[in-house]
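Residue numbers (the numbering used here): 229 to 526.
Every residue gets a Cβ at the ideal spot worked out from N, C-alpha and C, and that includes glycine.
A short worksheet on the structure shown next.
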Amino acid sequence: GLLGVGFQRFGNKDKLKSSPLQHLFEVYVQINKAAEDENTKKLAKDFFRKLEEHDEQKLSLWKQFRDFSVEEYIRIYKRLGVHFDEYSGESFYQEKSQEVLKMLEDKGLLQKTIKGTGIVDLSEKKDLSSFSTVMRSDGTSLYITRQVSPSVDLAAAIDRMNKHSWDTMIYVTDKSQSNHFQHLFQILKLMGYDWAERCQHVSFGLVQGMKTRRGEVIFLEDVLNEVRSRMLQNMASAKTTKEIEDPMETAEKVGLAALIIQDFRGLLSSDYQFSWDRALQSRGDTGVFLQYTHARLH
């Protein structure tokens, strides 16, 4: 809702086409500052409600956001050699999330608070000492009942089981969402889905201290461009560098190895302090040295 209202107020269609992820982030930052105003908050809620009601104008704007964003995801992930068979974000589960709320209500799991929000009691003694909020007071669904990229929710889990009949479903997110997934799996069990036992959450720590020349807000493409640029500089200044047919491609490959090995060095669940100098060292347990050793072996 905030992003939709923000784009109507601060958005630029040309910027959306040329650099959708960066521009939508800029809009999001601007509208969050403006959201201190109660009228802006109300407009955002109205926008979100109209999305769930399939308002054509609002859906058209959302579709532009999604299409441009997915194109960017595909292009950037391609640089990493990563391919996904399917992109299914929050909007895919708009209608299904309402079905889930109805299922929770029919099973006697959905409770209403004094303020009108919908919750599911997760406590063993059923005293609401532990609960999950699944519905806003205006009837619209919340995070737990839908999927917000790369998190998953009840509607997404049920739909994926019906569609794929998977053996194990693994969710990979940073560790700050551990509580969300505990609640998700608990609710699925309460709904009678035995396969909830086969859901796993693999959490990872955060990368701290990473900056690029563009600033402290980090986009994946910024990081990939930065490591390639730094590798090109290192190659140009090294006395042992031979003449290479495509320096840019070589810098990209060695730079990616540097980033990946740096990320693999510590425990998955641990936060770590990122250092460009350490990542790009030509000696030690680094991706640069690994590529150098591999080249010498061949």
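| Item | Value |
| --- | --- |
| Any 3 or more C-beta pairs closer than 8 Å across the stretch 390-407 and the stretch 423-433 | yes |
| Assigned exposure category for leucine 360 - 16 Cβ within 10 Å defines buried | Looking at the sequence shown, residue 360 is not leucine but serine. Label assigned to serine 360: buried. |
| Counted within 10 angstroms of its Cβ, other Cβ atoms place tyrosine 305 as buried (16 or more) or exposed | exposed |
| Valine 455: first and last residue of the uninterrupted alpha helix (DSSP H) it sits in | 448-465 |
| Residue of Ile472, Lys470, Asp505 and Ser498 minimising C-alpha distance to leucine 487 | Asp505 |
| Same chain, Cβ closer than 7 Å to arginine 307, neighbours up to 5 away in sequence not counted | Leu452 |
| Simplified DSSP assignment, three categories, for glutamine 428 | strand |
| Extent of the continuous beta strand (DSSP E) run through aspartate 402 | 397-402 |
| Residue burial classification, isoleucine 472 (beta-carbon count within 10 angstroms, cutoff 16) | exposed |
| Residue from Gln250, Gln258, Glu281 and Glu352 with nearest C-alpha to phenylalanine 296 | Gln250 |
| Secondary structure of leucine 271, DSSP reduced to three states | helix |
| Close Cβ partners of lysine 278 (< 6 Å) along its chain, the five nearest in sequence each way excluded | Lys286 |
| Cα-Cα separation between tyrosine 421 and arginine 524, rounded to whole angstroms | 54 Å |
| Backbone CA spacing between alanine 485 and serine 288 [nearest angstrom] | 40 Å |
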